[in-house]
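In my numbering, the protein residues as written are -12 to 238.
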(Lines of atoms letter the chains of each structure in order from A and count residues from 1; the text may use other names and numbers.)
(Lines give C-alpha, C1' and ligand atoms only; values in the text may rest on other atoms or scores of the structure.)
Protein backbone atom coordinates (compact mmCIF):
# COMPACT_ATOMS: atom_id res chain seq x y z
CA UNK A 1 0.00 0.00 0.00
CA UNK A 2 2.85 2.38 0.87
CA UNK A 3 4.55 1.65 -2.47
CA UNK A 4 1.30 2.36 -4.32
CA UNK A 5 0.89 5.67 -2.49
CA UNK A 6 4.46 6.68 -3.29
CA UNK A 7 3.94 5.76 -6.94
CA UNK A 8 0.72 7.76 -7.14
CA UNK A 9 2.41 10.71 -5.46
CA UNK A 10 5.23 10.66 -8.03
CA UNK A 11 2.75 10.47 -10.89
CA UNK A 12 0.83 13.40 -9.43
CA UNK A 13 4.03 15.44 -9.05
CA UNK A 14 4.94 14.77 -12.69
CA UNK A 15 1.48 15.86 -13.82
CA UNK A 16 1.67 19.02 -11.71
CA UNK A 17 5.17 19.75 -13.02
CA UNK A 18 4.04 19.35 -16.63
CA UNK A 19 1.06 21.65 -16.30
CA UNK A 20 3.10 24.15 -14.31
CA UNK A 21 5.56 24.29 -17.19
CA UNK A 22 2.71 24.69 -19.65
CA UNK A 23 1.90 28.03 -18.03
CA UNK A 24 5.54 29.09 -17.69
CA UNK A 25 7.48 31.33 -20.03
CA UNK A 26 10.95 30.31 -21.15
CA UNK A 27 13.08 33.32 -22.09
CA UNK A 28 15.16 32.64 -25.18
CA UNK A 29 18.14 34.93 -25.82
CA UNK A 30 18.12 35.39 -29.60
CA UNK A 31 20.85 36.90 -31.74
CA UNK A 32 20.04 37.88 -35.30
CA UNK A 33 21.88 35.86 -37.94
CA UNK A 34 20.07 35.77 -41.28
CA UNK A 35 18.88 33.41 -42.66
CA UNK A 36 18.74 31.48 -39.37
CA UNK A 37 17.15 34.23 -37.26
CA UNK A 38 15.99 37.60 -38.58
CA UNK A 39 13.13 40.09 -38.43
CA UNK A 40 10.53 40.08 -41.21
CA UNK A 41 7.71 42.64 -41.01
CA UNK A 42 8.32 43.04 -37.30
CA UNK A 43 8.31 39.31 -36.54
CA UNK A 44 11.22 37.05 -35.65
CA UNK A 45 11.52 34.26 -38.22
CA UNK A 46 14.05 31.70 -39.40
CA UNK A 47 15.23 28.17 -38.67
CA UNK A 48 16.52 28.96 -35.18
CA UNK A 49 13.20 30.54 -34.22
CA UNK A 50 11.18 27.56 -35.51
CA UNK A 51 13.41 25.07 -33.67
CA UNK A 52 13.27 27.04 -30.42
CA UNK A 53 9.46 27.23 -30.62
CA UNK A 54 9.19 23.50 -31.31
CA UNK A 55 11.38 22.58 -28.37
CA UNK A 56 9.72 24.98 -25.95
CA UNK A 57 6.22 23.80 -26.89
CA UNK A 58 7.22 20.12 -26.76
CA UNK A 59 8.56 20.63 -23.22
CA UNK A 60 5.41 22.47 -22.16
CA UNK A 61 6.72 26.04 -22.19
CA UNK A 62 5.66 29.28 -23.80
CA UNK A 63 8.67 30.78 -25.66
CA UNK A 64 9.53 34.45 -25.14
CA UNK A 65 12.27 35.73 -27.46
CA UNK A 66 14.72 38.41 -26.33
CA UNK A 67 16.72 40.01 -29.15
CA UNK A 68 20.36 40.76 -28.33
CA UNK A 69 23.82 40.78 -29.95
CA UNK A 70 25.59 37.46 -29.36
CA UNK A 71 27.87 38.85 -26.63
CA UNK A 72 24.90 40.37 -24.79
CA UNK A 73 22.90 37.14 -25.20
CA UNK A 74 25.69 35.17 -23.56
CA UNK A 75 25.91 37.71 -20.74
CA UNK A 76 22.16 37.39 -20.14
CA UNK A 77 22.49 33.59 -19.96
CA UNK A 78 25.41 33.93 -17.56
CA UNK A 79 23.46 36.28 -15.27
CA UNK A 80 20.24 34.26 -15.45
CA UNK A 81 18.40 37.08 -17.25
CA UNK A 82 17.52 34.60 -20.02
CA UNK A 83 16.87 30.86 -19.76
CA UNK A 84 17.83 29.39 -23.12
CA UNK A 85 19.97 30.16 -26.15
CA UNK A 86 20.08 28.28 -29.45
CA UNK A 87 22.78 27.67 -32.07
CA UNK A 88 26.02 27.58 -30.09
CA UNK A 89 29.28 25.71 -30.21
CA UNK A 90 30.02 23.91 -26.94
CA UNK A 91 33.13 25.22 -25.18
CA UNK A 92 34.60 24.73 -21.71
CA UNK A 93 34.23 28.44 -20.94
CA UNK A 94 30.53 28.39 -21.78
CA UNK A 95 29.97 25.22 -19.76
CA UNK A 96 30.89 27.18 -16.64
CA UNK A 97 27.60 29.10 -16.76
CA UNK A 98 25.29 27.01 -18.95
CA UNK A 99 24.42 23.38 -19.54
CA UNK A 100 24.09 22.06 -23.07
CA UNK A 101 21.19 19.90 -24.11
CA UNK A 102 22.01 16.57 -25.69
CA UNK A 103 22.21 15.71 -28.49
CA UNK A 104 23.43 18.58 -30.66
CA UNK A 105 20.51 19.30 -32.96
CA UNK A 106 22.71 19.78 -35.99
CA UNK A 107 26.23 18.99 -37.22
CA UNK A 108 27.67 22.00 -39.04
CA UNK A 109 29.74 20.93 -42.07
CA UNK A 110 30.04 24.27 -43.87
CA UNK A 111 33.62 25.58 -43.74
CA UNK A 112 34.56 28.90 -42.13
CA UNK A 113 35.99 31.09 -44.88
CA UNK A 114 38.22 34.16 -44.76
CA UNK A 115 37.02 37.11 -46.83
CA UNK A 116 39.20 39.83 -48.34
CA UNK A 117 38.51 42.60 -50.86
CA UNK A 118 39.18 41.37 -54.37
CA UNK A 119 40.92 44.68 -55.17
CA UNK A 120 43.31 44.31 -52.22
CA UNK A 121 44.82 41.09 -53.57
CA UNK A 122 45.62 39.77 -50.08
CA UNK A 123 46.73 36.14 -50.00
CA UNK A 124 45.88 33.90 -47.04
CA UNK A 125 47.25 30.44 -47.77
CA UNK A 126 47.71 29.24 -44.18
CA UNK A 127 46.99 30.26 -40.60
CA UNK A 128 50.35 32.02 -40.25
CA UNK A 129 49.38 34.48 -42.99
CA UNK A 130 46.90 36.03 -40.53
CA UNK A 131 49.71 37.31 -38.30
CA UNK A 132 50.21 40.60 -40.19
CA UNK A 133 46.51 41.22 -40.88
CA UNK A 134 43.66 42.92 -39.05
CA UNK A 135 40.89 40.35 -38.71
CA UNK A 136 37.25 41.23 -38.11
CA UNK A 137 35.22 39.01 -35.78
CA UNK A 138 31.79 38.90 -34.18
CA UNK A 139 31.90 39.77 -30.49
CA UNK A 140 31.17 36.69 -28.37
CA UNK A 141 31.48 34.23 -31.27
CA UNK A 142 33.75 31.19 -31.07
CA UNK A 143 35.15 30.03 -34.43
CA UNK A 144 37.79 27.33 -33.92
CA UNK A 145 40.28 26.74 -31.11
CA UNK A 146 43.49 27.75 -32.86
CA UNK A 147 41.99 31.08 -33.89
CA UNK A 148 40.04 31.74 -30.69
CA UNK A 149 43.00 31.06 -28.42
CA UNK A 150 45.58 33.07 -30.40
CA UNK A 151 45.94 36.37 -28.53
CA UNK A 152 48.72 37.59 -30.80
CA UNK A 153 46.39 38.21 -33.75
CA UNK A 154 45.03 41.71 -34.32
CA UNK A 155 41.27 41.16 -33.98
CA UNK A 156 38.54 43.77 -34.28
CA UNK A 157 35.21 42.83 -32.71
CA UNK A 158 31.80 44.06 -33.90
CA UNK A 159 28.21 42.99 -33.35
CA UNK A 160 26.93 41.96 -36.81
CA UNK A 161 28.11 40.51 -40.11
CA UNK A 162 26.82 43.68 -41.78
CA UNK A 163 29.34 45.68 -39.76
CA UNK A 164 32.13 43.32 -40.79
CA UNK A 165 31.24 43.83 -44.46
CA UNK A 166 31.23 47.62 -44.05
CA UNK A 167 34.58 47.60 -42.25
CA UNK A 168 36.08 45.54 -45.06
CA UNK A 169 34.66 47.89 -47.70
CA UNK A 170 36.25 50.85 -45.91
CA UNK A 171 39.64 49.07 -45.59
CA UNK A 172 39.45 49.24 -41.81
CA UNK A 173 40.08 45.48 -41.62
CA UNK A 174 41.99 43.21 -43.99
CA UNK A 175 39.76 40.17 -43.63
CA UNK A 176 36.98 38.60 -41.63
CA UNK A 177 35.88 35.01 -41.17
CA UNK A 178 32.42 33.53 -41.42
CA UNK A 179 30.40 30.79 -43.08
CA UNK A 180 29.33 31.64 -46.61
CA UNK A 181 25.60 31.09 -46.10
CA UNK A 182 25.60 33.67 -43.30
CA UNK A 183 27.44 36.29 -45.36
CA UNK A 184 25.17 35.85 -48.39
CA UNK A 185 22.19 36.81 -46.24
CA UNK A 186 23.69 40.29 -45.72
CA UNK A 187 24.70 41.25 -49.25
CA UNK A 188 23.41 41.09 -52.80
CA UNK A 189 24.87 38.09 -54.63
CA UNK A 190 26.21 40.14 -57.56
CA UNK A 191 27.98 42.54 -55.18
CA UNK A 192 29.24 39.56 -53.20
CA UNK A 193 30.88 38.11 -56.30
CA UNK A 194 32.45 41.43 -57.33
CA UNK A 195 33.51 42.61 -53.89
CA UNK A 196 35.02 39.58 -52.21
CA UNK A 197 37.90 37.25 -52.75
CA UNK A 198 37.81 34.03 -50.76
CA UNK A 199 41.11 33.02 -49.21
CA UNK A 200 42.71 29.73 -50.07
CA UNK A 201 42.92 28.95 -46.35
CA UNK A 202 39.68 27.93 -44.57
CA UNK A 203 38.63 25.93 -41.52
CA UNK A 204 36.62 22.87 -42.47
CA UNK A 205 36.04 20.63 -39.42
CA UNK A 206 32.48 19.53 -38.63
CA UNK A 207 31.13 20.93 -35.36
CA UNK A 208 28.04 20.20 -33.28
CA UNK A 209 25.44 22.96 -32.90
CA UNK A 210 23.88 23.02 -29.43
CA UNK A 211 21.15 24.58 -27.31
CA UNK A 212 22.20 25.93 -23.92
CA UNK A 213 20.30 26.44 -20.64
CA UNK A 214 21.47 28.98 -18.06
CA UNK A 215 22.63 27.40 -14.80
CA UNK A 216 20.86 30.28 -13.03
CA UNK A 217 17.57 29.62 -14.80
CA UNK A 218 14.62 28.31 -12.80
CA UNK A 219 14.13 25.86 -15.67
CA UNK A 220 17.60 24.34 -15.31
CA UNK A 221 16.15 21.57 -13.13
CA UNK A 222 14.00 20.58 -16.15
CA UNK A 223 17.05 19.94 -18.31
CA UNK A 224 16.45 16.18 -18.57
CA UNK A 225 12.98 16.78 -19.96
CA UNK A 226 14.28 19.42 -22.39
CA UNK A 227 17.02 17.06 -23.60
CA UNK A 228 14.48 14.25 -23.97
CA UNK A 229 12.18 16.42 -26.09
CA UNK A 230 15.12 17.64 -28.19
CA UNK A 231 16.27 14.06 -28.75
CA UNK A 232 12.79 13.12 -29.97
CA UNK A 233 12.66 16.08 -32.36
CA UNK A 234 16.05 15.07 -33.76
CA UNK A 235 15.36 11.31 -33.99
CA UNK A 236 11.97 11.84 -35.65
CA UNK A 237 13.55 14.03 -38.31
CA UNK A 238 11.42 17.05 -37.40
CA UNK A 239 14.36 19.40 -36.92
CA UNK A 240 16.00 18.17 -40.11
CA UNK A 241 12.79 19.00 -41.96
CA UNK A 242 13.11 22.59 -40.75
CA UNK A 243 16.77 22.73 -41.76
CA UNK A 244 15.81 21.35 -45.18
CA UNK A 245 13.33 24.17 -45.64
CA UNK A 246 10.14 22.31 -44.77
CA UNK A 247 7.55 23.51 -42.28
CA UNK A 248 6.26 20.51 -40.27
CA UNK A 249 3.31 20.50 -37.91
CA UNK A 250 4.15 21.26 -34.30
CA UNK A 251 4.41 18.00 -32.30
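Note that CB positions come from ideal geometry on N, CA and C, so glycine has one too.
What you are looking at is a predicted structure, and each value in this text was computed from that prediction instead of being measured.
Check, Outcome
"Identified DSSP bridge partners for residue 14", "51"
"Beta-carbon proximity list for residue 218, same chain, < 8 angstroms, skipping 5 on both sides", "89 and 90"
"Residue(s) in a DSSP beta bridge with residue 166", "99"
"Spatial distance of residue 60 from residue 138 (CA atoms)", "23 angstroms"
"Cβ contact check for the segment 151 to 170 and the segment 116 to 129: 3 or more pairs under 8 angstroms", "yes"
"Start and end residues, alpha helix (DSSP H) containing residue 195", "Careful: residue 195 lies outside any alpha helix (DSSP H), inside the beta strand (DSSP E) at 194 to 201."
"Coil, strand or helix - residue 41 by DSSP", "helix"
"Three-state secondary structure (DSSP) of residue 146", "coil"
"Environment of residue 100 [buried if 16+ CB atoms lie within 10 Å]", "buried"
"Rounded Cβ spacing between residue 33 and residue 22 (contact assumed at less than 8 angstroms)", "6 angstroms"
"Short Cβ contact (7 angstroms threshold) for residue 54 with residue 17", "yes"
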